[in-house]
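*Asks:* Start counting the sequence shown at 57; every next residue gets the next number (this note's numbering).
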Amino acid sequence: MGAIEDRRRAAAEATRDGGALARSILTDEAVARVMGHPEFPGAALAAMAAWAPQPGEANALAVKVRDLAQWMCAVWALQLHASPEGLTHASLTRWLAPLGVTTKTRAHRILIYLRFTGLIRPADSADGRSKAYQPTAQLLDLFRSRYRRDLEICARVLPAAEAALARWDSPAVMEATVAAHGRIFGSALEARTPGPSLDVISDRNGGMTILGQLMLQACADGVFPPTGPLAPNISEIARRAGVSRPQVHSVLRAGQKGGLFQPLEDGRLAFTPLLIEHLAGMLAAAFLGLAWASETACAADETAQASG
57 MGAIEDRRRA AAEATRDGGA LARSILTDEA VARVMGHPEF PGAALAAMAA WAPQPGEANA
117 LAVKVRDLAQ WMCAVWALQL HASPEGLTHA SLTRWLAPLG VTTKTRAHRI LIYLRFTGLI
177 RPADSADGRS KAYQPTAQLL DLFRSRYRRD LEICARVLPA AEAALARWDS PAVMEATVAA
237 HGRIFGSALE ARTPGPSLDV ISDRNGGMTI LGQLMLQACA DGVFPPTGPL APNISEIARR
297 AGVSRPQVHS VLRAGQKGGL FQPLEDGRLA FTPLLIEHLA GMLAAAFLGL AWASETACAA
357 DETAQASG
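1) Between the C-alpha atoms of A310 and S80, what's the straight-line distance to the nearest angstrom?
2) On the three-state DSSP scale, how would you describe A188?
3) In this structure, does DSSP put R177 in helix, strand or coil?
4) Does E231 pass the burial test, meaning 16 or more other C-beta atoms within 10 Å, or should it be called exposed?
5) Please report the straight-line C-alpha distance between A182 and T144, rounded to a whole angstrom.
6) Kindly indicate which three-state DSSP category Q318 falls into: helix, strand or coil?
7) Going by C-alpha distance, which of P319, L77, T161, L330 is nearest S253?
8) Kindly list the residues whose CB is nearer than 8 Å to the CB of S291, restricted to its own chain and excluding five residues on each side of it in sequence; keep chain order.
9) Starting from A326 and walking both ways along the beta strand (DSSP E), at which residues does that stretch end?
10) Look at P97 and F280 and say whether their C-beta atoms are less than 8 Å apart.
11) Would you say G365 and A99 are within 8 Å of each other, going by their C-beta atoms?
12) Which partner residues does L286 have in the DSSP bridge list?
13) Pick from M91, A76, V304: whose alpha carbon is nearest that of A336?
14) Does DSSP classify L143 as helix, strand or coil?
15) Between which two residues does the alpha helix (DSSP H) harbouring C275 extend?
16) If you run the structure through DSSP and keep just helix, strand and coil, what is Q303?
17) Can you tell me where the alpha helix (DSSP H) with Q194 in it begins and where it stops?
18) Determine the extent of the alpha helix (DSSP H) in which P250 is found, giving its start and end residues.
19) Can you check whether the CB of C210 is closer than 8 Å to the CB of A108?
20) What is the C-beta distance between L339 and L82, in whole angstroms, given that I count them as a contact (C-beta under 8 Å)?
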């Protein structure tokens, strides 16, 4: 177990880099190459479909974490657990600070939410006191299933992801992939520059899931990005995203204010070039980040096996 723990910790080192890692991996050239891949449209649609709860998965991670912030907090929980410091209130506060989430109260609320949803639990210290937390078996199972699906989609445009899939039954490889993914996502947040973005949607409860379902309706012909406006089926979007119809309307209004959607006189919704540019770029960057995380985990696994 010692070698496995060392492997996990090495792959999950929570070192802040001011965005340097993301800038080196998620370059404009790399993003453009992924977007130009012939399989990118299909992979993009499959990725957006995976944002929503899947049939028969009432207890899925997509139900537990309905927005991007909740999702990444679950990822960072595993990452910090694998770090030398462990997952504590203090370590989470320090990790979130460079991202603009500096209050101890916010970190406390995140921990409460993750505990309430059964994704983390207290880890008893040697003296019986619970100061740290650790992922539950449920969270690990959810990550194992969700990341396997994400890697299968990613491999359609970046075959390097196939190496991790071949070793996915290894807990060390799976956990190290998730932890490395948390690291590059945090780096990407630090590397961001001010300007228009998808934040007006991603910051809302279920926002990206709603956007994904909207795109799937608009791209029913299998062509991404969509080629024309859409008369959205609000009830169907709400049902598939697992949210209320008022929440769908709220996200659409936010998108309109943010310049992402343009309502037409006939009631249809047009997608602005700003939305398409940012959504396609975000999906391509997500594939690159996940492929890098899986390669990092596999490299650490190979090094550990070679050293015995």
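A virtual CB, placed ideally from N, CA and C, is assigned to each residue, including glycine.
*Replies:* So, from the listed chains and residues:
1) 32 Å
2) strand
3) strand
4) buried
5) Residue placement at A182 is flagged as unreliable, the pLDDT there being 48, under the threshold of 50; a coordinate-derived value is accordingly withheld.
6) strand
7) L330
8) R301
9) 325 to 327
10) yes
11) With the chain covering only 57 through 364, there is no way to say anything about residue 365.
12) L325
13) M91
14) strand
15) No alpha helix (DSSP H) holds C275; DSSP gives it neither H nor E.
16) helix
17) 193 to 210
18) It is not in any alpha helix (DSSP H) - P250 carries neither H nor E in the DSSP assignment.
19) no
20) Contact flag wrong, Cβ pair sits at about 12 Å.
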